[in-house]
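Have a look at the structure below, then the notes.
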Amino acid sequence: MTPSMTKNRYFEDFSIGEIIDHATPRTITQGDVSMGLALYGNRHALMSSTPFAKQLGYRDRPLDDVLVFNMIFGKSVPDISTHAIANLGYGEGLFCAPVYCGDTLSARSEVLGLRENKNGKSGIVMVRTHGFKQSFKGGFNQDKVCVLHYVRWVMVHKRDPIKNKNLPDTRSPLDLPPVAPFVEPKDLIPPPVDFSKTDDMSAGSAKRFGDYKIGEQIFHCGGTTLSQAEHMMATRLYQNTAHVHFNAQGQAATPHKKRLIYGGHIIAHIRAMSFDGLENAHCLAAINGGTHLAPAFAEDTIYGASTILDKAEVQDRSDIGAPYLRTDVGAVRVRHIATINQPPTPSSFSDKTHLILDFDCWLWMPK
Amino acid sequence: MTPSMTKNRYFEDFSIGEIIDHATPRTITQGDVSMGLALYGNRHALMSSTPFAKQLGYRDRPLDDVLVFNMIFGKSVPDISTHAIANLGYGEGLFCAPVYCGDTLSARSEVLGLRENKNGKSGIVMVRTHGFKQSFKGGFNQDKVCVLHYVRWVMVHKRDPIKNKNLPDTRSPLDLPPVAPFVEPKDLIPPPVDFSKTDDMSAGSAKRFGDYKIGEQIFHCGGTTLSQAEHMMATRLYQNTAHVHFNAQGQAATPHKKRLIYGGHIIAHIRAMSFDGLENAHCLAAINGGTHLAPAFAEDTIYGASTILDKAEVQDRSDIGAPYLRTDVGAVRVRHIATINQPPTPSSFSDKTHLILDFDCWLWMPK
Amino acid sequence: MTPSMTKNRYFEDFSIGEIIDHATPRTITQGDVSMGLALYGNRHALMSSTPFAKQLGYRDRPLDDVLVFNMIFGKSVPDISTHAIANLGYGEGLFCAPVYCGDTLSARSEVLGLRENKNGKSGIVMVRTHGFKQSFKGGFNQDKVCVLHYVRWVMVHKRDPIKNKNLPDTRSPLDLPPVAPFVEPKDLIPPPVDFSKTDDMSAGSAKRFGDYKIGEQIFHCGGTTLSQAEHMMATRLYQNTAHVHFNAQGQAATPHKKRLIYGGHIIAHIRAMSFDGLENAHCLAAINGGTHLAPAFAEDTIYGASTILDKAEVQDRSDIGAPYLRTDVGAVRVRHIATINQPPTPSSFSDKTHLILDFDCWLWMPK
């Protein structure tokens, strides 16, 4: 057995404060955008149409932010969560710059916290992951620019589980550091474009920032049934290597008995579904929190609904002057939920029956 | 429940003469071509090879026309056929200009006819859909060019089905307008290239316009078994949102009990299969008619055969002069059929046993 | 039934010495790279990152060599192995030049040997296939450059099997020509780049040429379960038309009773898996031999392991001078094995239990 750097770690292999540079930078291409479309059928105009994006002031159509998130997340998996049992949550996620085809993504994580589980078989690893891009414009700009950073916590197998759980634990359980309940609007980074130039007809709706009401519930049209082939292709596209997604034989020996659908696959489906009712939510500003409440498996049917949690005016900052109010765009805080094998109802937001995903984010919405 | 513009219409939401601009323009890329190859395995040289296309005078390899058709069709689905029961037919389809990677497609439909079904639960919607491209050449040419237009009629659920079918129908059934049985050869638009420069060795056959005989039957080699994952990825690639293709749970409550394969997926498979015997049919000139005779489901195996219905010389028109005969290319009218779970035989063309698709088109064929 | 050139041959249709130019040149794009990533999840930095590739001196990220192999192989299938029963082996494979997106691949085969099987139902066809590229650099360079050549032998159905196997065989069985057991290191063609500029952090390992020991065994982390949809999409992406992969109904009548997974799909999975432990094996130099020992089917789980068979210094040759030793790169001869439904153990290399693939290759490894 040949060890190779830091990959494929078990819980015992992490230490707090450690910085891990993840391998395999990934050049993003139109092929990735097409795969994303084939997997999720997203219809937000910004990620679908170059003329639409240019009209707003982007230099090309940017990638959908959930695709960026999944790509960066995937980079971190071989080092952090190859031996994951489950992703438990995300938070403090901030999108900092758009990603275009031709950009090369890479990632770095810092270990923020570790907590061994009482059963002695696993533990929780908490990291903050930064995603970077190198852009190609005629030549390569060697400076990496941060495109996204977020905190996640994940349950990871121990290499040497304590067989007899009555034995004293030799490792002190450590508390995980606190995570902010949401990203403050003042910390959001509005894209340097003019959202007021949104063409409603192309976008599919005239509903804009002023039209959404806090507390409003939106039930997205349609459900989608998950398949093994699709979630494996998605997960590999992100170069995510977590064994639970790929090895049916290995999973047969677990309590679930089968392959788990990658959580980021569910998020991407809900992002695409949310088009119906949130047509002008061109891109994400922040991930306030995300939790996978239950696993999903191939052949399950998932549905999506959203509620408006908050709305915020946002400030921008010119290079030389004082902050000023963005009159073209605001941030809408949305809670997306996904239900499994049962379409959501108004009570799904509170009783959480059938919920598999609870995802709280800030979305950019044209005024 | 948040309504959003005109999307996700039921039968009652349409009115004759209405013009609907479909949302979400779609920039076409090499990624879409690769997905198309992965889904259908097309081997026509024109869509596969840039040097082959340039030798004929194209500026790049154009997209296969069936991929263009499916993309334009997909644009119209959220507005027209989200609540479709079945696509009943197509006709009067004309391909007007090649589509290249980098072009952005959009679509507009006009409602031509409406007819409520006697059962009071659904009705037929007939539309003419135009597909447009915006091309990128250094900058964007803002002028949209029509690449394809066609008529289709589709059965759509009513929002409020009449529970008791003996009740009088409050809505007058309207006749659907007639559709031409085929596109006249004089209306075809030959691509402005020189098909005589076809390299037979690269194309895979020396058989050309003069070698096909009216009445000739061609049985395409091989069959292909459909899968849920593939047809869902195809259908999402086209941003087609019809629920019947994606939601196994929803479909379980219907008479079919399972997800329907999108009809355009079958057409694309038959187009790819038709390579064996129609190698030099580089592209489509027109869709005379298309009918889905029976549904197909995942795990069904489909087969293809074709017969030559007609052949036509075609005229071109220089910018300043009189029409002249194209000596490099002619149009071959072909009837493609697809059979299900049974390879086709000569009698399949007449008795229609096992037929799921009957597709009549004009193909461009080098002389 | 319309015959078309030389495609879809049965055993009787081949003759020794015949040269076959395969149809349908194929322009390779970023879409193909993304599909390859979605299908296999390869993490070798060279094929994943343009900046990584440029740092070594490549003009762009080259395609993974196994993708090139599968593309070239696919070109040959319609002419050679549409009616294949099984690919039996490969050898004498040499990679001659990197392939980039935008290159157009084509292929030509020569029939080296034929041997009819005693059962009178099939025979072995041995060919040497050359793959070529046409590169696009501003205009098209019309000169084709060889990128790969290899020998393969495949069992092909007879069109007219001898029903009664006691009848005398009218065709003399011919011996197949011998195949070299491995490619001599002096014949390898090192890429004209500087492998010493490998960034270990991006590549995922500091382990280089000097760190591998002959006899060392590497067990690659994780297994992957095969699916029908994925292997069909892969096989179609390569425009490979062998019926055994696509037609469940046709296969139901065979002893296997189901679709066979394309062998090149297994090789590509093992190449991707081999990243764990062979991170710096940026590309392939040669295929010494490859054998599919048993068929694989959808739902089987496959695993990979490797052993180091040999290491070789390699010579380069300047345009004007004498050969000189490459100090930046060496060749490592690796035997990759794939097991089915059982993770490999040290004894798997010798007893071959559960083996489905035995693949012997030279890999380029930075010093």
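Residue numbers (numbering that gives the first Met the number 0), protein chains in the order written: chain P, 0 to 366; chain B, 0 to 366; chain E, 0 to 366. Virtual Cβ for every residue (Gly too), placed ideally from N, Cα, C.
{"Check": "Starting from E/GLY88 and walking both ways along the beta strand (DSSP E), at which residues does that stretch end?", "Outcome": "83-94"}
{"Check": "Please return the same chain residues whose Cβ sits closer than 6 Å to the Cβ of B/ILE123, not counting the five positions on each side in sequence.", "Outcome": "ARG114, TRP152 and MET154"}
{"Check": "With DSSP collapsed to three states, give me the class of P/ARG107.", "Outcome": "strand"}
{"Check": "Please work out which residues of its chain come closer than 6 Å, Cβ to Cβ, to B/ILE18, disregarding the five sequence neighbours upstream and downstream, and give them in chain order.", "Outcome": "GLU109"}
{"Check": "By the 10 Å Cβ neighbour count, where 16 or more other Cβ atoms means buried, how is B/PRO342 classified, buried or exposed?", "Outcome": "buried"}
{"Check": "From which residue to which residue does the alpha helix (DSSP H) around P/GLN133 run?", "Outcome": "Run containing P/GLN133: none in the alpha helix (DSSP H); it sits in the beta strand (DSSP E), 121-133."}
{"Check": "By the DSSP assignment, the alpha helix (DSSP H) with B/VAL155 in it spans what residues?", "Outcome": "Unbroken run through B/VAL155 is the beta strand (DSSP E), 144-156; no alpha helix (DSSP H)."}
{"Check": "In the DSSP output, what is B/CYS282 paired with across the bridge?", "Outcome": "B/TRP363"}
{"Check": "Determine the direct distance from the alpha carbon of E/SER226 to that of E/VAL331, and round the result to whole angstroms.", "Outcome": "32 Å"}
{"Check": "What residue does the alpha helix (DSSP H) around P/ALA271 start on, and which one ends it?", "Outcome": "262-272"}
{"Check": "Here's the rule: buried if 16 or more other CB atoms are within 10 angstroms of the residue's CB, otherwise exposed. What is B/LYS212?", "Outcome": "exposed"}
{"Check": "How would you label P/TYR261, buried or exposed, when you count the other beta carbons within 10 angstroms and need 16 or more for buried?", "Outcome": "buried"}
{"Check": "In chain order, which continuous runs of the beta strand (DSSP E) of length 3 or greater are located wholly inside the segment 1-58 of chain B?", "Outcome": "18-20"}
{"Check": "Could you name the residues of chain P that B/LEU259 contacts, counting a contact when the two beta carbons are closer than 9 Å?", "Outcome": "Simply none; closest approach about 13 Å."}
{"Check": "Taking a Cβ distance cut-off of 8 Å, strictly less, list which residues of the segment 16-35 of chain E are near chain B, in chain order.", "Outcome": "ASP20, ALA22, THR23, PRO24, ARG25, THR26, THR28, GLN29, GLY30, ASP31, SER33 and MET34"}
{"Check": "May I ask you to report which of helix, strand or coil DSSP gives B/PRO322?", "Outcome": "strand"}
{"Check": "Is there a Cβ of chain P sitting closer than 8 Å to that of B/GLN314, yes or no?", "Outcome": "no"}
{"Check": "Leaving out five residues on either side along the sequence, give the residues of the same chain with a beta carbon under 7 Å from the beta carbon of E/TYR9.", "Outcome": "HIS82, VAL155, HIS156, LYS157 and ARG158"}
{"Check": "Provide the residue(s) that pair with B/SER305 in DSSP beta bridges, ordered along the chain.", "Outcome": "B/ILE217 and B/HIS335"}
{"Check": "State the start and end residues of the unbroken alpha helix (DSSP H) segment that holds P/ASP186.", "Outcome": "Note, P/ASP186: premise wrong, no alpha helix (DSSP H); not H, not E."}
{"Check": "Within the 8 Å Cβ cut-off, does P/PRO167 reach chain E?", "Outcome": "With a pLDDT of 47 at P/PRO167, under the threshold of 50, the predicted position of this residue should be treated as unreliable, and no value is reported."}
{"Check": "Compute the distance between the beta-carbons of E/ARG270 and E/SER305, then report whether it is under 8 Å.", "Outcome": "no"}
{"Check": "Please classify B/ASN287: does DSSP put it in a helix, a strand, or coil?", "Outcome": "strand"}
{"Check": "Taking the alpha helix (DSSP H) that B/ASN415 belongs to, which residues open and close that run?", "Outcome": "Since the first and last residues shown for chain B are 0 and 366, residue 415 of chain B lies out of range."}
{"Check": "Below 7 Å on C-beta distance, what does E/TYR39 contact in chain P?", "Outcome": "ARG235"}
{"Check": "Could you tell me whether the segment 182-197 of chain E touches the segment 353-365 of chain E, where touching means 3 or more Cβ pairs closer than 8 Å?", "Outcome": "yes"}
{"Check": "Tell me, to the nearest whole angstrom, how far the beta carbon of B/TYR89 is from that of B/VAL150; I am working on the premise that it is less than 8 Å.", "Outcome": "7 Å"}
{"Check": "Please say whether P/ALA311 and P/GLY329 have beta carbons closer to each other than 8 Å?", "Outcome": "yes"}
{"Check": "In its own chain, which residues sit with a C-beta less than 7 Å from the C-beta of P/THR28, not counting the 5 before and 5 after it?", "Outcome": "CYS100"}
{"Check": "Buried or exposed, going by whether 16 or more other CB atoms sit within 10 Å of the CB of E/LEU166?", "Outcome": "At E/LEU166, the pLDDT of 45 sits below 50, so the modelled position is not reliable and the matter cannot be decided from this model."}
{"Check": "Alpha helix (DSSP H) containing P/PHE348: first to last residue?", "Outcome": "347-350"}
{"Check": "Under the assumption that B/GLY303 contacts B/SER349 (Cβ atoms under 8 Å), give the Cβ distance between them as a whole number of angstroms.", "Outcome": "That pair is no contact at about 17 Å."}
{"Check": "Going straight from the alpha carbon of E/GLY137 to that of E/THR128, what length do you get?", "Outcome": "The predicted position of E/GLY137 is uncertain, since its pLDDT is 49 and thus under 50; no value can be drawn from it."}
{"Check": "Return the bridge partner residues of P/LYS310 from the DSSP annotation.", "Outcome": "P/VAL331"}
{"Check": "Taking the continuous alpha helix (DSSP H) assigned at B/ASP199, which residues delimit it?", "Outcome": "199-202"}
{"Check": "Starting from P/HIS242, find everything on chain E with Cβ-Cβ shorter than 7 Å and list it in chain order.", "Outcome": "GLY221"}
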